[in-house]
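Only one structure is covered here, and it is reproduced in the block below.
Numbering (my numbering), first residue to last: 1 to 81.
Structure (structure tokens):
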């Protein structure tokens with residue numbers, strides 16, 4: 001394995017990393033109000049398909065999803081200048 005390109009796995013507790021990955025995936029398709037309107041079932045599916053994500057559906061909980069949503073909003077805001 002080439003360590004230069006190695007990225008550590010992302011798990012449910014890595015809220016900021018997940019949010020950054022979601023922002024990279026969707027960019028400005030989702031603004032703040034749209035991010036907060038995403039159904040948790042949909043959000044869960046998207047997170048499970050992220051590269052390097054190693055969590056499972058069973059490990060997910062509402063607290064994680066709420067924190068990921070909030071972190072995604074901050075990530076989106078940071079990119080709005």
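Glycine included, each C-beta is placed from N, C-alpha and C at the ideal position. Keep in mind the model is a prediction, meaning the values are calculated, not measured.
Opposing strand residues paired with residue i [DSSP bridges]
| i | result |
| --- | --- |
| residue 53 | 10 |
Inter-residue Cα distance where the pair is residue i and residue j
| i | j | result |
| --- | --- | --- |
| residue 40 | residue 6 | 29 Å |
| residue 44 | residue 31 | 18 Å |
| residue 68 | residue 81 | 22 Å |
| residue 8 | residue 78 | 24 Å |
| residue 51 | residue 33 | 25 Å |
Where residue i sits in the DSSP three-state scheme
| i | result |
| --- | --- |
| residue 17 | helix |
| residue 60 | coil |
| residue 28 | helix |
| residue 38 | coil |
| residue 1 | Residue placement at residue 1 is flagged as unreliable, the pLDDT there being 46, under the threshold of 50; the coordinate-derived value follows with that caveat. Residue state, collapsed to three classes: coil. |
| residue 69 | helix |
Exposed unless 16 or more other CB atoms sit within 10 angstroms - verdict on residue i
| i | result |
| --- | --- |
| residue 36 | exposed |
| residue 22 | buried |
| residue 55 | buried |
| residue 29 | exposed |
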